[in-house]
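Take a look at the structure set out below.
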Amino acid sequence: MDEWDAVVVGAGVGGLSAAVLLAQVGMKTLVVEKDDRVGGRALSLHGEEVRDKGVDWYRRLLGGQYSYLIASEPSLDEMVDNGILDGYTLDLGYHAVSVAGEGYFAMLRDLIGGYGDRQVIINPCLTGSWIDGQFYEESPLSNMQRVDDKLYTEFKRIGKRFFDFFGPFFDATPQQLEELDSLSLHEHLVKTGFAESKIIYDYLRCFGTLFTTINDPNDISMGDMTRYALQVIMPAVMKGGPVYVGGFTENGIMTWSQAIADRFIGFGGEVRLEVSMKSIEVEGDTVTGITIEGAGGEEFIPARRVVFNIPIQELFKYIDERAFPGDFTTRVKSLYGYGSLSPYIGLTGLPVPEEHAKRLMKTPCVVPRSEGFDWDVYMAWNIQSYIEPSCAPEGKHLFTAYLPLTEKESHNRELVMKAVKAVPDFLESVYPGFKDYIEWELYPVCVKLEGVAKSVTQAGSLKPDVKAPGIEGLYFAGDTARGYGVAMDCACSSGILCASAITGLDYGIK
Ligand SMILES: Cc1cc2nc3c(=O)[nH]c(=O)nc-3n(C[C@H](O)[C@H](O)[C@H](O)COP(=O)(O)OP(=O)(O)OC[C@H]3O[C@@H](n4cnc5c(N)ncnc54)[C@H](O)[C@@H]3O)c2cc1C
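For the sequence shown, the working numbering assigns the number 1 to the initial residue and increments by one for each residue that follows.
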């Protein structure tokens, strides 16, 4: 049996990013994926698939990506029987691409010479905030000087400008950036005087939560946000033209993963779907390959290197923890992620003003912490179909959103149901008559939206390195290994860092 130069386990964003760069330099690379499609948590499906394959298939697909369905209206069986979801493309929950794909996604795209034949079109959206019953308009990132008049007055009152938020860090060295990883957003807002205004505090906390998916500002790391502002947003702004906070991918987020997988295959790589890794094989302290299980039973795949794209917290299911230094094992076991409630609501028309429909909207509190949550539960929402029309049938609209939850909260069904109930009520309060437009509702919960929360103890440089300690030939890629930026972009940056550790090439991430 021929030995592979590298086997990548998992066709998530991180695994595919690493794999395509390895194949590009001529390494004989195999990707194995347990599901029937590439993309991992960046998953898309068509409503017709749910109708054809059934309720159990849909629940299994969600379960395989750390998600479960907590509620729906009408019942999922009724939706399937009546084809209510036909014509919709559902990304797993909410899958806005940060900087509309001009961050680490763009770096990878440029490194591999473009997306190839498959078009990856990411439609950008503007952003806005809804705080204490008021709408605050936001400009593209490239025009941040243009601040909403009401906010401008408030900034002026406390003697600050928006730019002062990152101002102290513009010349930060890589080492100073690493120090910022353990500085919290709350501490920063207090130190810099922004906390003197509740509106501005809430407004900047919304940015922090959008970036990190963490509700509690005491836990949001300033490091990752600052690094992203300096290393991703600023260079994108310098290129000229508008730079947006996010965007949605035509025909679903999975189009991106399919395009990268196509490029990988074009470079000579091989993808095997519907095969699960059972164990990582090691001799002495060196990787020899993996054992997989698929339709043909168990098989040993010899490989000089293994890239582990599964969230790192699951590592010890595949390899004995005693193979690693004790401090690494303890650290991995202590890592936690962040979950979310990610509603989809099918709408018979457009129940919000166009000024909101073209924006990614965010609000600091949909359910107060007094209901039993660690912190006030924020929500970001979109009329996704207004920005990216292919996701809903003509004449209808798809509302998508996410409400961050801690891992513990996301497992507590009673608590999550409080958030489920709060969503339509909140929307009705902002947009009277909203409920009359609702045709159907689905409420999936994800327990690992971000595999490692970007908290003050875990962000950026505090994550496990892409090269495993103690075992030669074992690497990590994905949002639980060292990498920077927002969720999918973070998984992509980690894949690039992982490929760099293997090939020795400098791809430009500091
Ligand atoms: C509901 C939801 C909403 C989100 N919204 C956003 C958003 O708006 N913007 C954003 O940037 N990010 C968002 N994210 C986060 C984003 O999806 C993840 O950060 C990113 O996709 C993680 O990629 P990854 O490569 O690290 O891991 P994964 O996607 O988890 O990839 C791991 C892969 O390994 C496979 N696998 C697991 N076990 C095995 C095995 N034993 N053998 C073979 N294969 C295996 C899995 O099937 C999977 O394909 C969201 C996530 C969820 C769940």
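Every residue, glycine too, gets a C-beta built ideally from N, C-alpha and C.
Cβ of residue i within 8 angstroms of Cβ of residue j?
{"i": "Phe165", "j": "Val147", "result": "no"}
{"i": "Thr503", "j": "Val25", "result": "yes"}
{"i": "Tyr344", "j": "Glu450", "result": "no"}
{"i": "Tyr244", "j": "Val120", "result": "no"}
{"i": "Cys490", "j": "Tyr378", "result": "no"}
{"i": "Ile515", "j": "Ser279", "result": "Outside the shown range of the chain, which is 1 to 510, sits residue 515, and nothing can be said about it."}
{"i": "Gly252", "j": "Pro351", "result": "no"}
{"i": "Leu360", "j": "His397", "result": "no"}
{"i": "Val50", "j": "Val80", "result": "yes"}
{"i": "Leu403", "j": "Ser334", "result": "no"}
{"i": "Asp285", "j": "Glu472", "result": "yes"}
{"i": "Val423", "j": "Ile70", "result": "no"}
{"i": "Lys34", "j": "Val275", "result": "yes"}
{"i": "Tyr104", "j": "Cys391", "result": "no"}
{"i": "Gly483", "j": "Leu497", "result": "yes"}
What does the Cβ neighbour count give for residue i, buried or exposed, with the cut at 16 atoms within 10 Å?
{"i": "Lys448", "result": "buried"}
{"i": "Pro124", "result": "buried"}
{"i": "Asp110", "result": "exposed"}
{"i": "Asn215", "result": "buried"}
{"i": "Pro464", "result": "buried"}
{"i": "Lys454", "result": "buried"}
{"i": "Asp2", "result": "exposed"}
{"i": "Gly296", "result": "exposed"}
{"i": "Asp56", "result": "exposed"}
{"i": "Cys113", "result": "The sequence shown places Gly at residue 113, not Cys. By the 10 Å Cβ count, Gly113 comes out exposed."}
{"i": "Gln175", "result": "exposed"}
{"i": "Ser342", "result": "buried"}
{"i": "Glu102", "result": "buried"}
{"i": "Arg60", "result": "exposed"}
{"i": "Thr457", "result": "exposed"}
{"i": "Phe324", "result": "buried"}
Do you know whose CA, among the options, lies nearest residue i's CA?
{"i": "Gly64", "options": "Val366, Ile158 and Arg41", "result": "Arg41"}
{"i": "Gly15", "options": "Ala459, Val307, Asp320 and Arg413", "result": "Val307"}
{"i": "Tyr115", "options": "Phe264, Glu187 and Ala303", "result": "Phe264"}
{"i": "Pro242", "options": "Ile319, Ile233, Trp375 and Val423", "result": "Ile233"}
{"i": "Ser67", "options": "Glu428, His411, Arg482 and Glu439", "result": "His411"}
{"i": "Ser494", "options": "Ala11, Ala18, Gly10 and Gly101", "result": "Ala18"}
{"i": "Val452", "options": "Ala468, Asp219, Ser75 and Tyr201", "result": "Asp219"}
{"i": "Leu85", "options": "Ala481, Glu439 and Leu497", "result": "Glu439"}
{"i": "Thr127", "options": "Gln134, Ala380, Lys421 and Leu183", "result": "Ala380"}
{"i": "Leu183", "options": "Tyr152, Ile158 and Asp224", "result": "Asp224"}
{"i": "Lys536", "options": "Ser429, Ser139 and Leu62", "result": "Since the first residue shown for the chain is 1 and the last is 510, residue 536 is missing from the structure and cannot be characterised."}
{"i": "Ser44", "options": "Gln231, Met277, Thr330 and Phe248", "result": "Phe248"}
{"i": "Met238", "options": "Ser129, Asp91, Thr89 and Ser142", "result": "Ser142"}
According to DSSP, simplified to helix, strand and coil, what is residue i?
{"i": "Arg272", "result": "strand"}
{"i": "Met514", "result": "Past the edges of the chain, shown from 1 to 510, lies residue 514, and the structure says nothing about it."}
{"i": "Glu250", "result": "coil"}
{"i": "Arg41", "result": "coil"}
{"i": "His397", "result": "strand"}
{"i": "Ala380", "result": "strand"}
{"i": "Thr363", "result": "strand"}
{"i": "Gln134", "result": "strand"}
{"i": "Tyr94", "result": "coil"}
{"i": "Val237", "result": "helix"}
{"i": "Met27", "result": "coil"}
{"i": "Lys317", "result": "helix"}
{"i": "Tyr475", "result": "strand"}
{"i": "Glu78", "result": "helix"}
{"i": "Thr480", "result": "coil"}
{"i": "Gly266", "result": "helix"}
{"i": "Asn143", "result": "helix"}
{"i": "Lys463", "result": "coil"}
{"i": "Gly124", "result": "For clarity, residue 124 is Pro in the given sequence; the question names Gly instead. Here Pro124 sits in strand by DSSP."}
{"i": "Val9", "result": "strand"}
List the whole-angstrom C-beta distance separating residue i from residue j, where the pair is believed to meet the contact cut-off of C-beta under 8 angstroms.
{"i": "Ala499", "j": "Leu21", "result": "4 angstroms"}
{"i": "Val367", "j": "Ala401", "result": "Going by Cβ atoms, the distance from Val367 to Ala401 rounds to 13 angstroms, so no, they are not a contact pair."}
{"i": "Pro514", "j": "Gly87", "result": "Outside the displayed span of the chain (1 to 510) sits residue 514, for which this structure offers no information."}
{"i": "Phe373", "j": "Glu409", "result": "6 angstroms"}
{"i": "Ile292", "j": "Glu281", "result": "About 11 angstroms; that fails the 8 angstroms criterion."}
{"i": "Ala468", "j": "Leu474", "result": "4 angstroms"}
{"i": "Glu441", "j": "Ser75", "result": "Actually they do not touch by this definition, with Cβ atoms about 11 angstroms apart."}
{"i": "Arg118", "j": "Thr226", "result": "No, Arg118 and Thr226 are not in contact; Cβ-Cβ is about 34 angstroms, not under 8 angstroms."}
{"i": "Lys520", "j": "Phe211", "result": "One cannot answer for residue 520 here, as it falls past the ends of the chain, which runs 1 to 510."}
{"i": "Gln231", "j": "Lys510", "result": "7 angstroms"}
{"i": "Asp202", "j": "Pro364", "result": "4 angstroms"}
{"i": "Gln258", "j": "Val38", "result": "6 angstroms"}
{"i": "Pro235", "j": "His186", "result": "The pair is not a contact, with the Cβ atoms about 28 angstroms apart (cut-off 8 angstroms)."}
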